[in-house]
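Following this note's numbering, the numbering of the sequence shown begins with 5 at its first residue and continues without gaps.
Backbone N, C-alpha and C define an ideal beta-carbon position, used for all residues, glycine too.
The structure presented is a predicted model; accordingly, all values stated were derived computationally and were not measured.
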Amino acid sequence: ALSNATPGSPPLRLGMVFAVNSTATGQEDAGVALLNAYNYVAELKDPYQGLSFITDVYATVKTEGDRDVEVSDVVKLLRVRYHSADVEEILGPDTDYDTGRKLASDFVQRSGLRNMPQALINGIPLPEKSL
Numbered sequence: 005a006l007s008n009a010t011p012g013s014p015p016l017r018l019g020m021v022f023a024v025n026s027t028a029t030g031q032e033d034a035g036v037a038l039l040n041a042y043n044y045v046a047e048l049k050d051p052y053q054g055l056s057f058i059t060d061v062y063a064t065v066k067t068e069g070d071r072d073v074e075v076s077d078v079v080k081l082l083r084v085r086y087h088s089a090d091v092e093e094i095l096g097p098d099t100d101y102d103t104g105r106k107l108a109s110d111f112v113q114r115s116g117l118r119n120m121p122q123a124l125i126n127g128i129p130l131p132e133k134s135l
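As structure tokens, this is what we get:
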């Protein structure tokens, strides 16, 4: 979770739950690729840089038209930003960067949330039109 507090204001905490395919690898599924890449960047740098990586992938895709993120988009940005990164190791089936997937799946099932993506404030889902 990311947090930031300024004097005189309550802290704002941001948590992300990656509700992704439970059986695919990052080489097969873009959601899993984003999760693995986030974990890699967050470990190498920090969670803020991990989140920035994800938003940069989406920004790049948005400039290319109305389409979904693909594994190749994640691979491309990993190679541009992190030249020495072993992309196969990051996205492959036995990666050390595939963390949190089971916990995220359990959370989504227990929460009763059905539509993704979803944002909550103080535990209350925001209307879909606000996302």
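Please classify residue i: does DSSP put it in a helix, a strand, or coil?
| i | result |
| --- | --- |
| Pro-51 | helix |
| Arg-83 | helix |
| Leu-130 | coil |
Could you check if residue i is buried or exposed, using at least 16 other CB atoms within 10 Å of its CB as the buried criterion?
| i | result |
| --- | --- |
| Leu-95 | buried |
| Ala-123 | exposed |
| Arg-105 | buried |
| Tyr-62 | exposed |
| Tyr-44 | buried |
| Tyr-52 | exposed |
| Pro-24 | In the sequence under discussion, the amino acid at residue 24 is Val, which differs from the Pro named in the question. Looking at its Cβ environment, which holds 16 or more other Cβ atoms inside 10 Å, Val-24 is buried. |
Would you kindly report the start and end of the unbroken alpha helix (DSSP H) that includes residue i?
| i | result |
| --- | --- |
| Arg-114 | 105–115 |
| Val-91 | 91–95 |
Which stretch, first to last residue, makes up the beta strand (DSSP E) that contains residue i?
| i | result |
| --- | --- |
| Arg-2 | The structure shown does not extend to residue 2, since the chain spans only 5 to 135, so no value can be given for it. |
Here's a check: name, in chain order, each residue in its chain whose Cβ is nearer than 8 Å to the Cβ of residue i, leaving out the five neighbours to either side.
| i | result |
| --- | --- |
| Glu-92 | Gln-31 |
| Asp-90 | none |
Practice task
Indicate whether the contact test is met: 3 or more Cβ pairs, each with one atom in the region 64–84 and one in the region 30–38, closer than 8 Å.
Solution key: yes
Problem - the region 93–107 in contact with the region 24–31 per 3-pair CB rule at 8 Å - result: yes
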